[in-house]
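Engineer: For this note's numbering, add 24 to where a residue sits in the sequence shown, where the first one is 1.
We treat Cβ as the ideally placed atom computed from N, Cα and C, and that holds for glycine.
Since the structure is predicted, the reported quantities are computational estimates derived from the model, not experimental observations.
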Amino acid sequence: MSTISVYKIGTAKGKLSRDAEVYRDVNIDNGFTYARDLPKDEQNCTYYAVTEDNDLQLFTIGDQVIAKEGTMLFMPESLANPTLPFQDLKTCLEQKGVVKVKALAMLPPPTQVNPV
């Protein structure tokens, strides 16, 4: 079983902030997890995959994170290849759109202020 850290962020502009703190770790039990499988108490949050360069890439409901040989990979839903999580690391990395990631980031929904 692998885990990936989830950072809580205040903005999704640019890169993951150096002072961002880990909010929680998420288990990747069977080698991969979909965005829709993330904790249900955070359904209104927007998730991002954090690349090795700290860039933020939108992580939507059908996208996956795959744990392969100690490496975390982001696989967009558009690849639509159900066997890819079971392939070797080299095969996965050869797919267009697959990116190495080191974490996820969670952007909470904006808070509404009621006018007085």
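Considering only their Cβ atoms, is the gap separating THR84 from VAL50 smaller than 8 Å?
Structural biologist: The answer is no: Cβ separation not under 8 Å.
Engineer: Curious, which full-length beta strand (DSSP E) runs of at least 3 residues does the stretch 85-131 contain?
Structural biologist: Whole beta strand (DSSP E) segments, 3+ residues: 88-92, 95-99, 123-131.
Engineer: Between the beta-carbon of ILE90 and the beta-carbon of LEU97, is there less than 8 Å?
Structural biologist: In contact: ILE90 and LEU97 (Cβ atoms closer than 8 Å).
Engineer: Using DSSP's beta-bridge definition, name the partner residues of ARG60.
Structural biologist: ARG60 is not bridged to any residue.
Engineer: How would you label PRO133, buried or exposed, when you count the other beta carbons within 10 angstroms and need 16 or more for buried?
Structural biologist: Label assigned to PRO133: exposed.
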